[in-house]
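Let me begin by presenting the structure, written as structure tokens, before commenting on it.
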Amino acid sequence: MSKVVELFGHAAWNAGMDWPTLVSAQQCPYLNKRCYKVRKSDPGISIGSCTVTYGSPPAPIIICPTRLIERGQIFMDCLHLLTLHQPGNELHIVPEVSIPGGSVDYFLVSVAQGRVKDFVGIELQTLDTTGTVWPERQRLIRELGLTPSDDAEFSDKGYSMNWKMTAKTILVQMHHKVQTFEHLNKKLALVVQDCLLAYMSREFRFDHLKNPAVIGDSMHFHAYQMSAPQGGDLRLNMAARLSTDADGIGACLGLQAEPRVELDIIIASLQAKISPATLFNPAWRV
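Written as structure tokens, this is what we have:
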């Protein structure tokens with residue numbers, strides 16, 4: 010049985026789906042447009058794998074950040090962080106906004122008479138994978154009664170979860186970004202799956218975070234769990250809310266360890282890019 014449990018936003022066991030039409034359309038139901046994750050070797054094919062199983066016992070792990078915006082629930086769950094919002098104000102969701110320290114996935118914005126009155130930044134983080142999910146995706150296509158586009162279903166290549174680097178990278182990013190929000194007296198929320206938050210709590214210092222969250226803090230963690238209604242699609246439900254400030258995120262990393270964490274991230278990025286093609290040639294001329 011394939012380890013891909015969600016394809017184009019729908020559970021693999023959902024017998025009510027018109028799978029031939031769904032796979033052919035390649036639509037992301039959360040963005041209402043074509044799935045942006047395409048094959049490098051064939052950009053005409055969207056991968057569409059939202060969630061896979063991993064671990065023992067196998068558990069559903071979200072691998073696409075867009076999956077987190079199901080029903081817009083994560084935005085509703087940040088409304089209370091708009092402390093200057095007033096009844097009658099419009100609510101806007103603005104994607105991909107650059108700020109000092111990086112880019113933020115979404116801003117939930119309170120607007121009155123065309124002017125911004127308040128905002129909260131919302132960052133999404135799911136598990137990064139190593140290896141390839143494509144063979145499992147193609148096995149699911151076969152199990153759904155469709156014909157795979159290649160013979161990758163017979164490949165023994167697999168995937169694993171990059172827990173350590175995912176957690177390190179997002180915490181370092183949050184440490185940089187939350188300083189901007191804290192300076193402006195605004196809030197930043199990190200939306201993750203409950204299993205990723207559990208990993209962070211084990212591997213980093215999280216004992217000082219407030220649980221439940223305190224609205225006055227600048228940094229908020231919103232963790233969601235996946236539930237599986239009988240025969241229907243998977244749904245996200247709030248599992249935990251934690252909060253801290255910029256200093257608290259620094260404490261999570263360990264202030265003296267932070268430069269080392271960033272060094273690890275840079276080294277990992279370089280390691281992934283080196284190849285025979287990047288080997289220095291003394292005869293090279295710029």
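Heads up, the sequence shown is in this note's numbering, so the first residue is 10 and it goes up one at a time. We treat Cβ as the ideally placed atom computed from N, Cα and C, and that holds for glycine.
Are there 16 or more other CB atoms within 10 angstroms of the CB of residue i, so buried, or fewer, so exposed?
i	result
Pro268	Low confidence applies here, because Pro268 scores a pLDDT of 47, under 50, leaving its location unreliable; read the following figure in that light. Classification for Pro268: exposed.
Asp216	exposed
Asp27	exposed
Glu105	exposed
Asp165	exposed
Pro29	exposed
His229	buried
Gln265	Below a pLDDT of 50, predicted positions are generally treated as unreliable, and Gln265, at 45, falls in that range; the measurement from the model is reported next regardless. Gln265 comes out exposed.
Pro285	exposed
Ile224	exposed
Tyr115	buried
Asp226	buried
Tell me the residue span of the alpha helix (DSSP H) that contains residue i.
i	result
Ala237	Unbroken run through Ala237: none, as it is neither H nor E.
Ser164	Unbroken run through Ser164: none, as it is neither H nor E.
Pro333	With the chain covering 10 to 295 only, the question about residue 333 has no answer from this structure.
Phe84	82 to 85
Ala176	172 to 192
Taking the straight line between their C-alpha atoms, what separation do you get for residue i and residue j?
i	j	result
Leu251	Cys87	13 Å
Val32	Phe17	8 Å
Ile71	Val129	24 Å
Asn23	Gln122	44 Å
Leu153	Lys126	49 Å
Gly167	Ala21	19 Å
Arg294	Cys73	Low local confidence applies: a pLDDT of 47 at Arg294 is under 50, so the model's placement there is unreliable, and no value is given.
Pro9	Ala281	Not covered by the structure: residue 9. The range shown for the chain is 10 to 295.
Leu40	Ile102	13 Å
Out of the options, which one is the CA nearest neighbour of residue i?
i	options	result
Arg76	Gly97, Pro96, Gly64, His19	His19
Met174	Thr135, His192, Val142	Thr135
Ser11	Thr138, Ile150, His229	Ile150
Ala198	Met183, Arg211, Ala207	Met183
Leu91	Leu243, Phe190, Ala237, Leu262	Phe190
Cys44	Asp51, Gln36, Ser50	Gln36
Glu99	Ser65, Leu117, Tyr63, Gly110	Leu117
Arg124	Pro109, Gly110, Gly97	Gly97
Verify whether the separation of the beta carbon atoms of residue i and residue j is less than 8 Å.
i	j	result
Met235	Pro69	yes
Ala176	Leu205	yes
Ala232	Ala222	no
Val14	Val61	yes
Ala255	Val201	no
Asn171	Thr141	no
Leu262	Gln82	no
Ile56	Arg148	no
So residue i is in the beta strand (DSSP E); what residue range does that whole segment cover?
i	result
Met209	First-last for Met209: 203 to 212, but that is the alpha helix (DSSP H), not the beta strand (DSSP E).
Ala305	This structure gives no information on residue 305, because the portion of the chain shown stretches from 10 to 295.
Ile150	That residue, Ile150, is in no beta strand (DSSP E); its alpha helix (DSSP H) goes 143 to 152.
Thr138	138 to 140
His101	99 to 108
Pro70	For clarity, residue 70 is Ile in the given sequence; the question names Pro instead. Looking at the DSSP string, the run of the beta strand (DSSP E) that includes Ile70 is 68 to 71.
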